[in-house]
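**Q**
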Amino acid sequence: MTKKEISLTINGTEHELEVEPRKLLVHAIREDLDLTGTHIGCDTGNCGACTVYMDGQAVKSCLTFAVQADGSEITTVEGMEDHPDAGMGESDLHPIQEGFREMHGLQCGYCTPGMIMSARALLEENPDPTEEEIRESISGNLCRCTGYQNIVKAIQYAADVMNGREPPESPVEHGEAAEPEAASDGGTPMCEADDCCMDVDTDFEPPGGDHK
1 MTKKEISLTI
11 NGTEHELEVE
21 PRKLLVHAIR
31 EDLDLTGTHI
41 GCDTGNCGAC
51 TVYMDGQAVK
61 SCLTFAVQAD
71 GSEITTVEGM
81 EDHPDAGMGE
91 SDLHPIQEGF
101 REMHGLQCGY
111 CTPGMIMSAR
121 ALLEENPDPT
131 EEEIRESISG
141 NLCRCTGYQN
151 IVKAIQYAAD
161 VMNGREPPES
171 PVEHGEAAEP
181 EAASDGGTPM
191 CEADDCCMDV
201 DTDFEPPGGD
211 HK
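In terms of UniProt numbering, the sequence shown is residues 1 to 212.
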């Protein structure tokens with residue numbers, strides 16, 4: 001298949017690539033440029049793990065051909081440290097990244113790069129969103145771990161910093177999480193997080209006999 005020459009400016013650096021017309025932008029970013037912070041999840045545009053910031057919008061790079069991005073300016077999660085707003089908070093990180101860290105807006109972290117890029121697009125357009133607007137903005141990004149509560153708090157944290165307000169204290173660093181308690185029915189907690197604990201009945205036997 002004939003390849004096409006394209007030019008992409010990614011994280012401030014211009015790259016000249018030769019790609020097949022069928023090559024997806026996410027594969028050009030990960031395979032040709034070795035920027036693997038952009039993740040591949042569903043390849044159908046449903047999960048949002050591949051979201052990048054392109055020409056002022058959050059774009060799902062698994063739904064975009066690389067040739068469609070010819071001449072575009074793209075930011076991936078690796079480029080957030082060079083954003084003008086980086087270092088506004090208590091670290092050298094961008095306030096969005098700092099918010100995810102301070103408010104524990106991640107668990108496995110697979111969705112996090114896409115969440116961060118969607119959050120950037122939101123705060124560029126709407127610097128002080130309501131909780132409802134945040135939830136609407138990230139509705140195209142799926143998370144299978146957190147329940148979204150702390151992701152919303154992370155973006156609110158970033159909005160506070162970027163608007164010159166004092167952000168909330170980190171519940172992680174300041175030990176606000178409750179110690180796990182023994183289950184009332186004699187079971188043991190599955191996890192230590194006070195908002196997601198489930199009790200396990202250690203005496204439970206499955207129906208139909210002993211399964212080994």
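Think of the CB as a built atom: it goes at the ideal place given N, C-alpha and C, for glycine as much as any other residue.
Beta carbon of Leu33, beta carbon of Thr64: below 7 Å?
**A** For this step, residue 33 is matched to residue 33 along the sequence shown. For this step, residue 64 is matched to residue 64 along the sequence shown. Not closer than 7 Å, so no.
**Q** For Phe100, which residues in the same chain have their Cβ closer than 8 Å to its Cβ, ignoring the five residues on either side in sequence?
**A** Residue mapping note: residue 100 aligns to position 100 of the sequence shown, counting from 1. Taken in chain order, the residues that qualify are Leu106, Thr112, Met115, Ile116, Ile151, Ala154.
**Q** Does the beta-carbon distance from Gly37 to Thr75 come in below 7 Å?
**A** Residue numbering aside, residue 37 sits at position 37 when the sequence shown is read from its first letter. Residue numbering aside, residue 75 sits at position 75 when the sequence shown is read from its first letter. Not closer than 7 Å, so no.
**Q** Just list the residues that DSSP pairs Tyr110 with in beta bridges.
**A** The residue you call residue 110 lines up with position 110 of the sequence shown. Beta-bridge pairing links Tyr110 to no other residue.
**Q** Starting from Tyr53, trace the beta strand (DSSP E) both ways and give me its first and last residue.
**A** For the purposes of this step, residue 53 is taken as the residue at position 53 of the sequence shown. That run of the beta strand (DSSP E) goes 51-54.
**Q** Using the C-alpha atoms, what's the distance from Lys4 back to Glu18?
**A** Residue 18 sits at position 18 when you count from the first residue of the sequence shown. Residue 4 sits at position 4 when you count from the first residue of the sequence shown. Cα to Cα, the separation comes out at about 5 Å.
**Q** Kindly provide the ranges of any alpha helix (DSSP H) runs that are 4 or more residues long and lie completely inside the segment 88-156, ordered along the chain.
**A** Counting whole runs of 4 or more residues, the segment 88-156 contains the alpha helix (DSSP H) stretches 95-102, 112-125, 131-137.
**Q** Counting along the chain, where does the beta strand (DSSP E) carrying His83 start and finish?
**A** Counting from 1 along the sequence shown, the entry for residue 83 is found at position 83. It is not in any beta strand (DSSP E) - His83 carries neither H nor E in the DSSP assignment.
**Q** Helix, strand or coil: which one does DSSP assign to Val172?
**A** The count along the sequence shown starts at 1 and reaches residue 172 at position 172. Note: Val172 maps to coil in three-state DSSP.
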